[in-house]
Amino acid sequence: MRSRIQVVYNEASIIIDSDKTFISFDHRYAAKGYPIPCELFIKPDYDVIDSIESTGIVRVDSDFTRYCSEYEVYRILLVPQPGYSDKKMIQVFSDLLRELNLT
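In this note's numbering, each residue's number is its place in the sequence shown (first place is 1) plus 727.
Right, dumping it as structure tokens:
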């Protein structure tokens, strides 16, 4: 069976949803060039952070990476770099979910 990833757009965020988990980020901040709040329902180890940063479209601000045990979510802050677009970020997160076999 082919892995399935669905992209859901709502007023505040874009959600990249797979069968096993999801990632969301606030596209309103991105549209203004501000750092982008992002929620990962996976643990962002160094390989995950490196994978996100290696795209060159965002930098992860490690000072604002936090784990919320109540909701089991990692909150990270993405700093847009030249060439950033929501479409590229969606592709990065979709590829990441596939790479981690979370689809």
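The beta carbon of each residue, even a glycine, is placed where N, CA and C say it ideally should be. Note that the structure is a prediction, hence the values are computed from the model and not measured.
Excluding the 5 residues flanking it on each side, threonine 830 has same chain C-beta neighbours closer than 8 Å at Ser730, Arg731, Ile732, Ser745, Asp746, Lys747, Leu824, in chain order.
A direct Cα-to-Cα measurement between proline 807 and tyrosine 794 gives close to 22 Å.
Within the stretch 739 to 767, the runs of alpha helix (DSSP H) that reach at least 4 residues and sit entirely inside it are, in chain order, 754 to 758. According to the DSSP assignment, serine 821 belongs to the alpha helix (DSSP H) that extends over 813 to 826. In the structure shown, the three-state DSSP call for isoleucine 776 is helix.
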